[in-house]
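Remarks on the structure that follows.
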Amino acid sequence: MANEQTPSAGGQLTPEQLAQKDPSWQRVLLARHPKRPYSLDYIERLFTDFREVHGDRSFADDPAIVCGMAFFDGQPVMVVGEQKGRDTKQRFHRNFGMPKPEGYRKAIRVMKMAAKFGRPVVTFMDTPGAYPGIDAEERGQAEAIAHNLREMARLTIPVVAVVIGEGGSGGALALGVGNHVYMMENAIYSVISPESCAAIIWRDSGKAELAAKALRITAADLHRLGLIDAIVPEPPGGAQEDWDEASRLLGETLRRALGELSRLPPGELVRQRYEKFRRMGNFFI
Amino acid sequence: MAWFKREKSSQEQRPKPKAGDRKVRTEGLWLKCEDCREIIWKKDLEANLNVCPKCGFHFRLDAVSRLKLLFDGEYEEFDRDLVSADPLEFVDSKPYKERLAKSREAARVNDAVISASGTLQGRKVNICSMAMQFIGGSMGCVVGEKITRAVERSLAAKIPLVIVSASGGARMQEGAVSLMQMAKVSAALMRLDEARIPYISVLTDPTTGGTTASFAMLGDLNIAEPNALIGFAGPRVIEQTIRQKLPEGFQRSEFLLKHGMLDAVVQRKDLKNSIAQALLFFCGPANPPA
Numbered sequence: 003m004a005n006e007q008t009p010s011a012g013g014q015l016t017p018e019q020l021a022q023k024d025p026s027w028q029r030v031l032l033a034r035h036p037k038r039p040y041s042l043d044y045i046e047r048l049f050t051d052f053r054e055v056h057g058d059r060s061f062a063d064d065p066a067i068v069c070g071m072a073f074f075d076g077q078p079v080m081v082v083g084e085q086k087g088r089d090t091k092q093r094f095h096r097n098f099g100m101p102k103p104e105g106y107r108k109a110i111r112v113m114k115m116a117a118k119f120g121r122p123v124v125t126f127m128d129t130p131g132a133y134p135g136i137d138a139e140e141r142g143q144a145e146a147i148a149h150n151l152r153e154m155a156r157l158t159i160p161v162v163a164v165v166i167g168e169g170g171s172g173g174a175l176a177l178g179v180g181n182h183v184y185m186m187e188n189a190i191y192s193v194i195s196p197e198s199c200a201a202i203i204w205r206d207s208g209k210a211e212l213a214a215k216a217l218r219i220t221a222a223d224l225h226r227l228g229l230i231d232a233i234v235p236e237p238p239g240g241a242q243e244d245w246d247e248a249s250r251l252l253g254e255t256l257r258r259a260l261g262e263l264s265r266l267p268p269g270e271l272v273r274q275r276y277e278k279f280r281r282m283g284n285f286f287i
Numbered sequence: 160m161a162w163f164k165r166e167k168s169s170q171e172q173r174p175k176p177k178a179g180d181r182k183v184r185t186e187g188l189w190l191k192c193e194d195c196r197e198i199i200w201k202k203d204l205e206a207n208l209n210v211c212p213k214c215g216f217h218f219r220l221d222a223v224s225r226l227k228l229l230f231d232g233e234y235e236e237f238d239r240d241l242v243s244a245d246p247l248e249f250v251d252s253k254p255y256k257e258r259l260a261k262s263r264e265a266a267r268v269n270d271a272v273i274s275a276s277g278t279l280q281g282r283k284v285n286i287c288s289m290a291m292q293f294i295g296g297s298m299g300c301v302v303g304e305k306i307t308r309a310v311e312r313s314l315a316a317k318i319p320l321v322i323v324s325a326s327g328g329a330r331m332q333e334g335a336v337s338l339m340q341m342a343k344v345s346a347a348l349m350r351l352d353e354a355r356i357p358y359i360s361v362l363t364d365p366t367t368g369g370t371t372a373s374f375a376m377l378g379d380l381n382i383a384e385p386n387a388l389i390g391f392a393g394p395r396v397i398e399q400t401i402r403q404k405l406p407e408g409f410q411r412s413e414f415l416l417k418h419g420m421l422d423a424v425v426q427r428k429d430l431k432n433s434i435a436q437a438l439l440f441f442c443g444p445a446n447p448p449a
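Heads up: the protein sequence lines correspond to chains A and B, in order. Count the first sequence with the working numbering and you get residues 3 to 287, in order. Count the second sequence with the working numbering and you get residues 160 to 449, in order.
As structure tokens, then:
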């Protein structure tokens, strides 16, 4: 018999063990929970007739980002989401949810396509970060992210962005320039992973728990800092406990957001999105 | 008994030089080129724009010297007094507020970018020059705001923008606030793009992380100095991820040029002329101030 008190890999803790952790670190563990719903799980529950589209038209198709046409309450919506794998085989296939440049290029390609046909875009962010590898660098990981940031700012359609799990720095933000930006209750959004931050500050990635607190990465933190619009509630214990309920709650937020934004003309959508990001970080003495 | 073993005692017996004595030594007058290992007289190096006179290795150039190199003469500085309020109340080995204060003193700039306006070969331009010596040239809310304001000034006055990057990326101590600066600056550059006002990005050693993944890669032209480290992830992070040694020259300017990420690699002595030529192509002849 396995000892129930022993935490297994990947943050599967008993509720009691979890409760003993620092609140920020609890969120990290929940955001990375191996049973947490991923983009495709939400897509399956929230949209009908999801038709995946593939490829960046210049190099490859990146399985770490899924894109597709779908219907939300009968309305056509382009969905873009970072996708992690559930088992070992899938994890490798999805590259642990770490997109490569071709993933970001596919994402902006389909967002522009959506804009061309006047369809709103919903993005789901869930990545430990953009893939840091030789091939990704060769093909311009930085350029791909930068390009998305600028081009998303130009989109003439409503863009709703949600951090559903891990908002891993630029790798997440590359899908995050939305008219409305939300975080799930147990999602995190950070400029650097707590482990890397701890490695830099204390030269010890084991102090990630401390770093998680210092970095202010919870939904409540980001909301307080004025960086997100609202927090999407999760079922008791976290989204991993009840995927259907988590989807329903997320669906409510999407419905409200898309309803509000659908009333704005294209120019106003661009202006509102710009003003929103323009105001971020006014923390001067 | 080893012949060459130095006895500890003789080292200890040697009197330590007093602080006053040190000043008369030649320390700091000479330095060794990091590339060709030649000994260079520091004044020679400075006269040569911090480029090794023997092998052409480009040493880093501080933000003020950079502005002096690019502007014709006098320039006006903007938003000099903008200082971060430490939104996270971040504390690591020391409080971030303290780190800021110390950096301000040591680097003699108020944050990691100087935003300035002046003329470059007779043409009015805005130049943002990053200061690597200020917390690694990292971008927090001050850098994001100063660059965004520079973009807005370029938009309002319809004058070209040059950003000289020298930065490790987003500033960890400001967390997600730093992260959002990437989106803020990039969105502002979208407006500059729509207004068809030229933006030239100059990438110098080092330009990594969130800086590369936002404004540094968004120039109408991206030009870099020779051998500058340019990338998204730092070399150490990549080595840890893939668990193998990185190839020689990886993430250097020439590597990026070869892979299609840069328009040109330009020697420091040619930088000003290069920018002027590009602006001439984009905007036509400069109108000299009346």
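By construction, the Cβ of each residue, glycine as well, lies at the ideal position given by its N, Cα and C atoms.
| Item | Value |
| --- | --- |
| When DSSP labels each residue in this structure, what does A/Asn-97 get in the three-state scheme? | helix |
| Are there three or more Cβ pairs, one per stretch, closer than 8 angstroms when the stretch 185-203 of chain A is compared with the stretch 141-149 of chain A? | no |
| Label B/Ala-265 either buried or exposed according to how many other C-beta atoms from any shown protein chain fall within 10 Å of its C-beta, with 16 as the threshold for buried. | exposed |
| B/Pro-406: buried (16+ other C-beta within 10 angstroms of its C-beta) or exposed? | exposed |
| How many angstroms separate the CA atom of B/Arg-263 from the CA atom of B/Arg-239? | 12 angstroms |
| Between A/Gly-283, A/Ala-241, A/Gly-239 and A/Lys-278, which has its C-alpha nearest A/Val-183's C-alpha? | A/Lys-278 |
| In whole angstroms, what is the alpha-carbon distance linking B/Phe-414 and A/Pro-267? | 44 angstroms |
| Hey, is A/Gly-142's beta-carbon within less than 7 angstroms of any beta-carbon in chain B? | yes |
| Would you identify the three-state DSSP class for B/His-418, choosing helix, strand or coil? | coil |
| Tell me where the beta strand (DSSP E) around A/Tyr-44 begins and ends. | No beta strand (DSSP E) holds A/Tyr-44; the alpha helix (DSSP H) holding it covers 41-48. |
| Decide if the stretch 25-41 of chain A is in contact with the stretch 112-119 of chain A; the criterion is three or more beta carbon pairs, one per stretch, under 8 angstroms apart. | no |
| Select from B/Asp-231, B/Glu-233 and B/Arg-258 the residue whose C-alpha is nearest the C-alpha of B/Val-242. | B/Arg-258 |
| Beta carbon of A/Leu-229, beta carbon of B/Ala-335: below 7 angstroms? | yes |
| Helix, strand or coil, according to DSSP, for A/Ile-159 in the structure here? | coil |
| Given this structure, state the Cα-to-Cα distance separating B/Asp-446 from B/Ala-325, to the nearest angstrom. | The sequence as given places Asn at residue 446 of chain B; Asp does not occur at that position. Looking at the two C-alpha atoms, the distance is approximately 30 angstroms. |
| Can you name the residues of chain B whose CB is closer than 8 angstroms to the CB of A/Ala-116? | Chain B residues near A/Ala-116: none, gap ~17 angstroms exceeds 8 angstroms. |
| In the DSSP output, which residue or residues are listed as bridge partners for B/Phe-237? | B/Ser-274 |
| Considering Cα atoms alone, identify which of A/Gly-180, A/Phe-73 and A/Pro-36 is closest to A/Phe-52. | A/Phe-73 |
| Could you check the C-alpha separation between A/Ile-45 and A/Lys-102 for me, to the nearest Å? | 22 angstroms |
| Sort B/Leu-279, B/Lys-213 and B/Lys-428 by Cα distance to B/Ile-198 and report the nearest one. | B/Lys-213 |
| Check the Cβ of B/Pro-365 against every Cβ in chain A and list those closer than 7 angstroms, keeping chain order. | None at all; the shortest Cβ gap to chain A is about 12 angstroms. |
| Taking Cβ-Cβ distances shorter than 7 angstroms, what residues in chain B pair up with A/Ala-132? | Phe-391 |
| The alpha helix (DSSP H) spanning A/Ala-210 covers which residue range? | 210-217 |
| Mind the definition here: the stretch 215-223 of chain A touches the stretch 223-237 of chain B only if three or more C-beta pairs lie below 8 angstroms; say whether that holds. | no |
| For my contact list, A/Gly-105 and A/Lys-86 are in at a C-beta cut-off of 8 angstroms; report their separation, rounded to the angstrom. | Not really, about 13 angstroms apart at Cβ, beyond 8 angstroms. |
| Apply the 10 Å Cβ neighbour rule to A/Pro-134 and answer buried if 16 or more other Cβ atoms are within range, or exposed otherwise. | buried |
| Which residues in the same chain as A/Gly-269 place their Cβ atom closer than 8 angstroms to its Cβ, once the five residues preceding and following it in sequence are excluded? | Thr-158 |
| Kindly list, in the order they appear in chain A, the residues whose Cβ is closer than 8 angstroms to that of B/Glu-304. | Gly-283, Asn-284 and Phe-286 |
| Please name the residues in the stretch 334-349 of chain B whose beta-carbon is closer than 7 angstroms to at least one beta-carbon of chain A, in chain order. | Gly-334, Ala-335, Val-336, Ser-337, Leu-338, Met-339, Gln-340, Met-341, Ala-342, Lys-343, Ser-345, Ala-346, Leu-348 and Met-349 |
| Please list the residues of the stretch 281-310 of chain B that have a C-beta atom closer than 9 angstroms to any C-beta atom in chain C, keeping them in chain order. | The structure shown contains no chain C; its protein chains are A and B. |
| Tell me, please, whether the stretch 367-376 of chain B touches the stretch 314-325 of chain B by the rule of three or more beta-carbon pairs shorter than 8 angstroms. | yes |
| Return the first residue and the last residue of the alpha helix (DSSP H) that A/Asn-2 is part of. | Residue 2 of chain A falls outside the range modelled here, since chain A spans only 3 to 287, and no answer is possible. |
| Tell me where the beta strand (DSSP E) around B/Cys-287 begins and ends. | 282-289 |
| Return helix, strand or coil for A/Thr-16, following the three-state DSSP convention. | coil |
| Check the Cβ of A/Gly-172 against every Cβ in chain B and list those closer than 9 angstroms, keeping chain order. | Gly-328, Ala-329, Leu-338, Met-341, Gly-368, Gly-369, Ala-372, Ser-373 and Phe-391 |
| What does the Cβ neighbour count give for B/Lys-317, buried or exposed, with the cut at 16 atoms within 10 Å? | exposed |
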